[in-house]
Every structure is written in structure tokens, then in C-alpha cells.
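2 protein chains.
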Amino acid sequence: MVYQTKTGEMIMKKQKKEDRRVKYTKMVLKESLIDLLSQKDISAITIKEICEEADVNRTTFYAHYADQYDLLRQIEDELLQNLKAYITVFKQKKADAIFVDILEEMFEYIKANAKLCKLLLSKEGNLDFQKRIMMLVYDTNLVAKPNETLKKGEEEYVYSFVITGCVGVIHKWLEEGMKHSSRIMAGMIINSVKNLPVTFE
Amino acid sequence: MVYQTKTGEMIMKKQKKEDRRVKYTKMVLKESLIDLLSQKDISAITIKEICEEADVNRTTFYAHYADQYDLLRQIEDELLQNLKAYITVFKQKKADAIFVDILEEMFEYIKANAKLCKLLLSKEGNLDFQKRIMMLVYDTNLVAKPNETLKKGEEEYVYSFVITGCVGVIHKWLEEGMKHSSRIMAGMIINSVKNLPVTFE
DNA sequence: TCCAATAAACAACATTGTGTTGACAAATCA
DNA sequence: TGATTTGTCAACACAATGTTGTTTATTGGA
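First to last, the sequence lines map onto chains A and B.
Heads up: the first sequence begins at 861 in the numbering used here, then just goes up one per residue.
Heads up: the second sequence begins at 861 in the numbering used here, then just goes up one per residue.
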């Protein structure tokens, strides 16, 4: 058996091993769904449609995804993973970055992927995606050090408040065509939360 | 023609005129969908299923709703309208109610409808519903008087921040089985927002 | 480079859900 | 009661679904 090595290696191999055809297929299917999503709700999109637009056989679709929702989920995954990687790289490159810098960078990334982000956060969007953004923020330790004045158990609620609040602001920013700069938006959030019983970074 | 009167009267009549049979049909269909929603995602629920569970002919379903999503939307509508009415009545009954009282009452209402609220805010839930809750909060003037220290345009973002933040807190509260009392939750939100550049009531 | 193993893509299939139609029965309300 | 509305049912054509076995492309080792 080739794969009887360390888990890490296995995963590495699996990633590299993706067939050119598979790569292409997945790419066009993703593009097709994103395109259709800008026209109508995911529930109104059929697999037949996605495949016709992508010029891929329907059977091929089923070989990779269970349904439209599964495909969307993987699109979301990709975006979130890329964002995470982007922030990680930024943190390494600029070790002295403070919270506002990282937030600004986050807004920049969202801006660069505005079309997709807007779709995923649109009114037809899924609450699960919002939750996963929250988990990401949580994981990357953007929000930290709950104030000691808080009772135990309360801090979790303040976290929820802040993170969902941030998502709401991002959403509004996208909807209004990103009129303000990333720096201004980052500053606005800092300003909103600076008096909350949590501190950052 | 009977209905050639003032628009107001027409609507009144239309509302009152709902047939008992129609009422029953709509009721069982709503119950059926809510029941199915606790088992699986709305996208996996077929109209056939809903009708079988409700023991209603599929044709009858189509007489009232376009699809599952339309039915769900109307369930949401009903919940939001009832909440709005509930708060309005409370405000009239207790004219000296301050913000924390109204918030508490809101949590009480959500608690009384916990099963449905939880479903609608679950990870499969729709962002549109969240947005409509926000509109409701906005309409009932729960959040008011933006601080004059804010630049124009910024206040809107703080609104978004606060309201989505609140929804996040409600969500977490429901998910964790409503361990804290409504009063405590209301206090927690007040505590979170009291230092924000907005005031309440 | 070539060959064999592997996996992807495809066309055709039966199945299922959809949404609509028209005829009929039951319930409503004035 | 009698006119009207609404629900029911059977049947319909249609479209989307998910699975079958077969063909074709890619990869990695000799």
C-alpha cells in the first residue's frame, strides 16, 4: 500500500493527485452555479441547469456533488479557507500588525471577492455560512481576552454579539457598494467595540 | 358587486372572510412543514410529503402556496406579525416601560415560541428571516437616537452592528436551551450596548 | 515511451416529483 | 334554501432526478 504513511503525507498526496479533468469539471461547475445564483435563488436552480451551463454531463456532477447545496457548500469552504490563508500570510509578513490592520486586510479580501461574498450573504443566503464566518473569526483569534468584569457565561454572549454584529456590518457594506475604504470600515468596527466588555488582539 | 366600497373595508372583509376549511387546511399544512423541518432541511422536503403528513390533497396545497418556501415564508410572517402585535400591546398596557422591559418581553415571546424560532434561526435558516427581524426591531423603534458624535453614514453601520448582534445573542440563547431568564438576557444586551455610540428608547 | 490500472465522463434508463386541468362534492354564508 | 366558494380526486404531460453499464482520458511505473 502506497498510503500507509503518516496522515499528513496522505492528505498531501490526495491534494496533489487531483486529476486535471476533475479540476476543470469542478471549476466550471462552481462558476456555473455562481453565475446562476446571481440570477435566482439556489432552490430554483436545477442540477440540469448547472450542467448545461457548464457543459458537463449530469452524471459527472453526481460523481462530485450530492446536489446544488453540496456544491454551494464547497464554494463557501473554498472562500473561507482562502480568507484564512490570506490572513495567516499577512500576520506572518507583518508581525507587528495590530487588530485594526488585520481587520482592514479582511475587508480588503472581501472586497476582492465582493461578487461571491455578496451572493453568499444575500437574503437567500444561508445562516450556516454566517456561522462559519464566525467560527473563522473565532479561530484566528481576532477577538480575545474577555474582560474580567464579566460573569462567567456572559462572555460567550458578548462574543456572539460582536461577531454577528461584524457580519452585519460587512453585509451592509457590501450591499451599499463598498463606498467606504477598508481602513475606514475597520476603524468603524474598532470604534464600535472599543467600549464593549471585551478587548481585542 | 359587494366589494365596491372603501379599500379599508375590502381588506377587512377579506381578512374576516377566511373560510373555516381554508383555515384548517393552512393550519395543518403549516404544522406539517414545521414538523418536517425539525427532521430535515427545507430543500429536502417535498410538497408531496407535506401533503401526506397533513392529509391534504396536493392540489389543495397549490391552491394556497407556490411551494415549500412560500409556505415557510408565511409561517415566518405570522410569527413576526404576532411578535409585533405582542410588543405593541405590552407598550400600551405599560406606558412607563423602559427599554429593558420591552427587551425582556421580547425574550419572553421568543421563549414561548422557542421551537419555531429555533428552527427558523437554525443553520439551515434563511438570512432573509434574520433581516426581517432586524426590520421589525427597527420599526418598533427599539433602537433610537444615534449619538451626535457619529459622522453621518456611520450611524447606519452601528445600527446594523447592534441589531445583527442582538439576533446573534438570541440565537445563542435558543441553542443553549434558554438557561438564563429573559430578564438576565435583556440586561446582558443593555450592558453590551450601553457604551456604544447609540442610545435606546 | 508504452502499457496497464485507475478514475472520469458519458448516454440511456426507469423512477419520482411537479404543476395543471376539469369534473364533482362539500361547506359556507347571506 | 340557493348561490358561491373551496376542497377533493383522478389523470395528465412534463421535467428533473439519480443510477446503470460502457467508453474514454489520465496517471504513474517499467
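Quick reminder that beta carbons are idealized off the backbone N, C-alpha and C, glycines included.
Note that the coordinates shown come from a computational prediction; the quantities given were computed from them, not determined experimentally.
Burial state of SER1052 of chain B (16 or more Cβ within 10 Å): Result: buried.
C-alpha distance - LYS900 of chain A paired with MET995 of chain A, whole-angstrom precision: Using only the alpha carbons, I get a separation of about 28 Å.
Residue from B:LEU987, B:ASN942 and B:SER982 whose Cα sits closest to the Cα of GLU984 of chain A: Comparing Cα-Cα distances from GLU984 of chain A to each of B:LEU987, B:ASN942 and B:SER982, the minimum goes to B:LEU987.
Inter-stretch contact (C-beta, 8 Å, three-pair minimum) for the region 920 to 928 of chain B and the region 944 to 953 of chain A: With a cut-off of 8 Å, the region 944 to 953 of chain A and the region 920 to 928 of chain B do not count as touching, because too few Cβ pairs lie within range.
Cα-Cα separation, ILE970 of chain B to CYS977 of chain B: Each residue's alpha carbon lies about 7 Å from the other.
Nearest-angstrom Cα separation, counted from SER898 of chain A out to LEU979 of chain A: Between LEU979 of chain A and SER898 of chain A, the C-alpha separation is close to 7 Å.
Contact set for SER1041 of chain A: own chain, Cβ-Cβ below 6 Å, skip 5 residues either direction: Closer than 6 Å at Cβ, skipping near neighbours: no residue.
ASN942 of chain A in three-state terms, based on DSSP: Taken through DSSP and simplified to helix, strand or coil, ASN942 of chain A comes out as helix.
For ASN986 of chain A, the residue or residues it bridges with in DSSP: Paired residues: B:ASN986.
Contact with chain A by PHE959 of chain B, beta-carbon distance below 7 Å: Chain A, which has no Cβ nearer than 7 Å to the Cβ of PHE959 of chain B, makes this no.
Simplified DSSP state of ASP999 of chain B, which is helix, strand or coil: ASP999 of chain B carries a helical assignment under DSSP once its states are collapsed to helix, strand and coil.
Cβ of THR1059 of chain A within 7 Å of any chain B Cβ: Model confidence at THR1059 of chain A stands at a pLDDT of 42, short of 50, so the residue's coordinates are unreliable; what they give is reported in the following sentence. No, THR1059 of chain A does not count as interfacial toward chain B.
Contact under 7 Å by Cβ, THR1024 of chain A with GLY1025 of chain B: In this structure, GLY1025 of chain B lies closer than 7 Å to THR1024 of chain A by Cβ.
Closer than 7 Å to chain B by CB, GLY868 of chain A: Note that GLY868 of chain A scores 34 on pLDDT, short of 50, meaning its location in the model is unreliable; the coordinates nonetheless yield the value given after this. Contacts with chain B at 7 Å (Cβ-Cβ) do not include GLY868 of chain A.
ASP831 of chain B - containing alpha helix (DSSP H), residue span: Because chain B is modelled from 861 through 1061, residue 831 of chain B falls outside the range shown and cannot be assessed.
Per-residue contacts from LYS951 of chain A into chain B (C-beta, under 7 Å): Going along chain B, no residue has its Cβ under 7 Å from LYS951 of chain A, so there is no contact; the nearest lies around 25 Å.
Within-7 Å CB hit, VAL988 of chain A to chain B: Inspection of the sequence shows that residue 988 of chain A is occupied by Asp rather than by Val. Residue-level contact check: ASP988 of chain A touches chain B, since one or more beta carbons of chain B fall below 7 Å from its beta carbon.
TYR925 of chain B in three-state terms, based on DSSP: Note: TYR925 of chain B maps to coil in three-state DSSP.
Selected residue, minimal CA-CA separation from GLU912 of chain B, among B:TYR929, B:LEU893 and B:SER903: Of the candidates B:TYR929, B:LEU893 and B:SER903, the residue whose Cα lies closest to the Cα of GLU912 of chain B is B:LEU893.
Coarse secondary structure for GLU869 of chain A, derived from DSSP in three states: Bear in mind that the predicted position of GLU869 of chain A carries a pLDDT of just 34, short of 50, making it too unreliable to give a figure here.
Chain A contact residues for THR1024 of chain B, given Cβ-Cβ distances below 7 Å: The contacting residues are THR1024, GLY1025, VAL1027 and GLY1028.
Check whether THR929 of chain A and VAL1029 of chain B have beta carbons under 7 Å apart: Here residue 929 of chain A turns out to be Tyr, not Thr, going by the sequence shown. Remark: C-beta atoms of TYR929 of chain A and VAL1029 of chain B do not approach each other more closely than 7 Å.
Cβ-Cβ separation, LYS890 of chain B to ILE958 of chain B (assumed contact under 8 Å), whole Å: Not confirmed; about 35 Å, so no contact.
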